[in-house]
Amino acid sequence: MARKRISDITPKIRSLTELCLKNSAIDPSLYKEYDVKRGLRDISGRGVLTGLTEIGEVRSYTIKDGKTVPCEGKLFYRGIDIEDIVQGFIEEKRFGFEEVTYLLLFGELPTEQELKEFETILSDYRTLPTSFVRDIIMKAPSQDMMNTLARSVLTLYSYDERANDVSVPNVLRQSLQLIALFPLLSVYGYQAYRHYHDKQSLFIHAPRPELSTAENIL
Numbered sequence: 195m196a197r198k199r200i201s202d203i204t205p206k207i208r209s210l211t212e213l214c215l216k217n218s219a220i221d222p223s224l225y226k227e228y229d230v231k232r233g234l235r236d237i238s239g240r241g242v243l244t245g246l247t248e249i250g251e252v253r254s255y256t257i258k259d260g261k262t263v264p265c266e267g268k269l270f271y272r273g274i275d276i277e278d279i280v281q282g283f284i285e286e287k288r289f290g291f292e293e294v295t296y297l298l299l300f301g302e303l304p305t306e307q308e309l310k311e312f313e314t315i316l317s318d319y320r321t322l323p324t325s326f327v328r329d330i331i332m333k334a335p336s337q338d339m340m341n342t343l344a345r346s347v348l349t350l351y352s353y354d355e356r357a358n359d360v361s362v363p364n365v366l367r368q369s370l371q372l373i374a375l376f377p378l379l380s381v382y383g384y385q386a387y388r389h390y391h392d393k394q395s396l397f398i399h400a401p402r403p404e405l406s407t408a409e410n411i412l
C-alpha cells in the first residue's frame, strides 16, 4: 500500500465506525450501578471492566440455591458462546478469524456481503511499506518474537501520518491495519529468526489477496 494511502480514512471505515459506536456504547447508568470509575481505579482496585462493554464475558460459576457453585469455564463473545461459534465454523468447513474479528469489533456477526467487504479491507491493508521487511525485520532479528512484534509496530508509527489522531474512525483504521499486518510481522519475524539463529533456509512469501488470514499464515 502506497504511503499516501496508509493513513486514509475511507468511506467504508467511516461506515464501520458508526456500526462500532452503535454496538459498543456503554450505558452511563452502569458506571454508577457497579461503582466503576471512568478510566481510573479506586482504592479497592476496581476500574473499567470488560463486563460493562459486553464484548467478552467469562462465566466460571453458577448460583444454585443462593450459593456460588464453580463450573467449567464458559467464554462468550458479544453474548455468544465461543463453543457455538467454533462449532458453526467446523460444521460449515469455513475459516472463522475474520467473522470473529468482525463480531468483536462491531457487535454482530456479518452477513455474507459484509464479510466479503471486510475481508477485502483486511486484504488491502495486508501490505507492509516498501523495504520494511528488509530494513526492519531482517536486520538484527531478535530471538524474542514479542520483541520483534513490538519493534515492528513502533516502526510502523513513523509511516502513519495520523499516528496521534485518537478519533474513533482513525483508531478503527489503525486497528484494522494492525489486525491485517500482525500475521505478516509474525511469520516474517519467525522466518528471520529461523534463518539467522537456526541456520535454516529463508522463505519470504508475499500475501495473496484471495486467501484468508489463516491461509496466508500457512
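Numbering follows the numbering used here, with no gaps: position 112 of the sequence shown is 306. Quick reminder that beta carbons are idealized off the backbone N, C-alpha and C, glycines included.
- Annotated as distal: V280 and G267, with beta-carbon spacing of 9 Å or more.
- For the pair V360 and R208, the Cα-to-Cα distance works out to about 14 Å.
- Under the Cβ criterion (8 Å, minimum of three pairs), the segment 387–401 counts as touching the segment 327–341.
- A distance below 7 Å between beta-carbons, with the five flanking residues on each side excluded, links T295 to the following residues of its chain, in chain order: I373.
- The C-beta of G260 has fewer than 16 other C-beta atoms within 10 Å across all chains shown, which makes the residue exposed.
- Under the three-state reduction of DSSP, F289 is assigned to coil, being neither helix nor strand.
- The C-beta separation of L298 from R272 comes to about 7 Å, placing the pair in contact by the 8 Å criterion.
- Note that the segment 314–330 touches the segment 395–405; at least 3 beta-carbon pairs, one per stretch, sit closer than 8 Å.
- Sixteen is the threshold: when 16 or more other Cβ atoms of the shown chains lie within 10 Å of the Cβ of C214, as they do, the residue is buried.
- The beta carbon of V362 is closer than 6 Å to those of T211 in its chain, skipping five residues each way along the sequence.
- Of the residues F312, V381 and D278, the one whose Cα lies closest to the Cα of R367 is F312.
- Within the DSSP bridge table, the entry for D275 names F270 as partners.
- Of the other Cβ atoms in all chains shown, fewer than 16 fall within 10 Å of the Cβ of N341; this residue is therefore exposed.
- With 16 or more other Cβ atoms from the protein chains shown falling within 10 Å of its own Cβ, L370 counts as buried.
- Beta-bridge pairing by DSSP links P403 to no other residue.
- Around the beta carbon of I331, a 10 Å sphere encloses 16 or more other beta carbons of the protein chains shown; the residue is thus reported as buried.
- Around D354, the same chain offers I200, S201 and Q368 as residues with beta carbons nearer than 8 Å, after the five sequence neighbours per side are excluded.
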